[in-house]
Amino acid sequence: MDILFRGGRVFTPDGVRETAVLVSGGRIAAVGAEGELARRAPSHETVDLAGGLLTPGFTDAHIHPVQAGLERAKCDLSEVYGLDAYLAAIDAYARRHPDKEWIDGGGWDMSAFPGGLPHRSQLDHLDRPAYLIQRDHHAAWVNGRALERAGITRDTPDPADGRIERDLDGTPSGVLHEGAMDLVGLLTPRPAPGDLDAALEDAQRHLFSLGVTGWQDAIVGSYAGSDDQLPTYLSAARQGRLRARVTGALWWDRTRGAEQIDELVARRAEAEGLDRFRAGSVKIMQDGITENFTAATLEPYCLCGGTGLSYVDPAKLREYVAELDRLGFQVHFHAIGERAVREALDSFEGTDPANRHHIAHLQIIEPSDVPRFAALGVTANLQPLWATHHAQMDELTLPYLGEPRSSWQYPFRDLLEHGTRLCAGSDWPVSDADPIQGMHVAVNRTEPGGSVHAGYPTARTPFLPGQRLDLATAMAAYTSGSAWINRSPAGVIEAGRPADLVVLDRDPFALPPEEIWTTRVRMTFVDGEPVHQ
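Numbering of the sequence shown is given in this note's numbering, commencing with residue 780 and proceeding in unit increments.
What follows is the structure, given as structure tokens:
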């Protein structure tokens, strides 16, 4: 049945327009006057926008849906905040699951703890080992039983790519950073294939409810105790269970070198010919995060010293990226610190922009590196939700970055003004998967009203307000920009495109900027079929 969308405005490549959209055979047939389109399809169904906005389906350019789905089914701490609330949720989970060998899950926030660090003693009342991943997946909180199970003592050395947090006497405190997570994480029970399938399907339903119709899974491989998701995606795509348009970023194992490239080529080939899933990207994590001082910086951190970690040697990095580029891979970098950003940009010198390389997160960019994105044809992959005042920023980041480095954070407007192509994502489950909340922050640089951090004293104070984006630019990053990164045919409302569409319950362009966050998704369509309503 043909569908006519009418009664509201439409986000098109030409801006927000008072127009109608006709869908036929799963594709956008025409954009134009309602009467004309109705005459073209006399037997159409009608979707009344009721004053809302019709947008392309959102594409999340950096997300971890399978891991998110698994965590939602385990001990999920992402919906609560603070030590008391975490312990109540953990104890309730333990009571509901007395037969589980481990208490595992995650979602705790560093800002809920003094200095950003929980302690093993807070979990030592549990009758079994506990392994709880930090919300941003760069650390894990474990108890004494878990440390004993892993054989971790004061004599255990730190791995090259991580750190065991320790008490003053050298005893492991119960926090494992970065590569140290695997010392315990790999001992936790492995999910069965059915668990992974269920996690993906749960995540897909949730994302459809938020208008997300495509994404790039930023780690398809084994990392931080998680299992390889490639078989899960291949199975879902072959069986028709994967309705979204997905690109998998194959994980670059930072403990290995060029010898893994042939394996990446073979893994990419496993997805050839699939309609909904491709594996043409490679994810390289070049550094950690600022809050645990593993983000790679040019100058030492204030108060504590050190310049973080470069996980891949920069000289070798150039060789690896050059070969991946020659083989037609897209390279998707994680880079938080300004040194990691520079190392990623350096590795892209001489590469082919047609491979659509991109760098995600971009918390700190040294100003002289900002123009290099456009010059190299590298896309900036933004996670806007992080660019606000909240406890993790004000208490665990700004004092350790100092000036001028603190003012180099999340320079969205500078990147745009230098001609950089933008895409956007959430990094869910690290942060909220709702693109509308991300757009709100990109425009306002303040916490959305419904955020867990909304009550923080400076949550309504704009964070570096000169780096704001206008709403049309932010929405384009989540639609056409991210679809372009994924080589998706969707992401734009124009004739001939797939009818991946979202009906919003109001028009955020008609709202005061501080109310953008109140917008909700009413309906989501993929190929003209409703997948959420």
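Here a beta-carbon is modelled for each residue, glycine too, at the ideal position from N, C-alpha and C.
Quick one: give me the first and last residue of the alpha helix (DSSP H) that residue i is part of.
i: TYR910; result: Premise fails: TYR910 lies in the beta strand (DSSP E), 909 to 913, not in any alpha helix (DSSP H).
i: LEU986; result: 972 to 988
i: ALA817; result: 813 to 819
i: MET1254; result: 1250 to 1255
i: ALA1203; result: Here ALA1203 belongs to no alpha helix (DSSP H); instead the beta strand (DSSP E) covers 1201 to 1203.
i: GLU1196; result: 1191 to 1196
i: TRP1263; result: 1261 to 1264
i: LEU1175; result: 1170 to 1175
i: ALA1050; result: That residue, ALA1050, is in no alpha helix (DSSP H); it is neither H nor E in DSSP.
Who are the near neighbours of residue i in its chain, counting only those whose CB is closer than 6 angstroms to its CB and skipping five residues on each side?
i: ASP839; result: VAL991, TRP994, GLY1204 and SER1205
i: LEU856; result: TYR865, ALA868, GLY886 and TRP887
i: PRO1093; result: GLU1122
i: PRO1241; result: ARG1224 and THR1225
i: PRO1227; result: GLN1216, HIS1219 and TRP1296
i: LEU902; result: ALA909 and ASN922
i: ASP1007; result: GLY1000 and SER1001
i: THR950; result: ARG933
i: GLY805; result: ALA1278, ASP1306 and GLY1307
i: ALA1074; result: ASP1066, GLY1067, ILE1068, GLY1087, ILE1115 and GLY1116
Would you kindly check if the distance between the Cβ of residue j and the Cβ of residue i is under 9 angstroms?
i: PHE1152; j: HIS1197; result: yes
i: LEU1029; j: GLY1000; result: yes
i: MET889; j: GLU1070; result: yes
i: LEU1164; j: ASP1211; result: yes
i: CYS1202; j: SER1261; result: yes
i: HIS1137; j: ASP1104; result: no
i: GLY831; j: GLN1171; result: no
i: ALA820; j: LEU783; result: yes
i: GLY811; j: VAL1281; result: no
i: GLY953; j: ARG899; result: yes
i: THR1258; j: VAL1271; result: yes
i: LEU1088; j: ASP1125; result: no
i: ARG1192; j: GLN1246; result: yes
i: GLU944; j: LEU955; result: yes
i: LEU833; j: VAL789; result: yes
i: TYR1099; j: ASP1066; result: no
i: ARG1057; j: THR1026; result: yes
i: ALA1023; j: ARG851; result: no
i: GLU1128; j: ILE1040; result: no
i: PRO1183; j: LEU1082; result: no
i: LEU1141; j: PRO1214; result: no
i: VAL1300; j: ASP1284; result: yes
What did DSSP end up calling residue i once you bin it into helix, strand or coil?
i: LEU1088; result: coil
i: SER1186; result: helix
i: GLY1313; result: Residue 1313 cannot be examined here, being either before or after the span of the chain that is shown, 780 to 1312.
i: PHE1152; result: helix
i: ASN1160; result: strand
i: ASP855; result: strand
i: ASP839; result: strand
i: ARG1285; result: coil
i: ALA1233; result: coil
i: PRO951; result: strand
i: THR1225; result: coil
i: HIS904; result: coil
i: MET889; result: helix
i: THR1303; result: strand
i: ARG1035; result: coil
i: PRO1268; result: coil
i: ILE1138; result: strand
i: ILE807; result: strand
If you drop the 5 nearest sequence neighbours on each side, which residues of the same chain put their C-beta closer than 8 angstroms to that of residue i?
i: ALA997; result: HIS841, ILE842, HIS843, ALA1028, LYS1062, HIS1111, HIS1113, ALA1139, GLY1204 and ASP1206
i: PRO1079; result: GLY1085 and THR1086
i: TRP1187; result: GLU1117, ILE1143, ILE1144, GLU1145 and PRO1146
i: GLU824; result: MET780, ASP781, ILE782 and LEU783
Quick check on the DSSP output: the beta strand (DSSP E) that includes residue i runs from which residue to which?
i: TRP994; result: 991 to 999
i: PHE1056; result: 1056 to 1064
i: VAL826; result: 824 to 827
i: ALA919; result: 918 to 921
i: GLY794; result: 794 to 797
i: LEU1029; result: 1024 to 1030
Skipping 5 residues on each side, what residues in its chain have a beta carbon closer than 7 angstroms to that of residue i?
i: PRO968; result: GLU880 and TRP881
i: GLY814; result: none
i: ASP827; result: ARG785 and GLY786
i: VAL800; result: PHE784, VAL789, ILE807, VAL810, LEU833 and ILE1272
i: GLY1181; result: CYS1081
i: GLN846; result: SER1005 and PRO1208
Exercise for review: Answer yes if the segment 863 to 870 comes into contact with the segment 1299 to 1311, meaning at least three C-beta pairs across the two stretches below 8 angstroms, and no otherwise.
Suggested key: Contact between the segment 1299 to 1311 and the segment 863 to 870 is absent, because fewer than three Cβ pairs lie under 8 angstroms.
Practice item. Give a yes or no on contact between the segment 960 to 975 and the segment 913 to 930, applying the rule of three or more CB pairs nearer than 8 angstroms. Key: With a cut-off of 8 angstroms, the segment 913 to 930 and the segment 960 to 975 count as touching, because enough Cβ pairs lie within range.
Check your understanding: Using 8 angstroms as the threshold, is the segment 1287 to 1297 in touch with the segment 1006 to 1019, meaning 3 or more CB pairs across them?
Key -> When C-beta atoms of the segment 1287 to 1297 are compared with those of the segment 1006 to 1019, fewer than three pairs fall below 8 angstroms, so the two segments do not count as touching.
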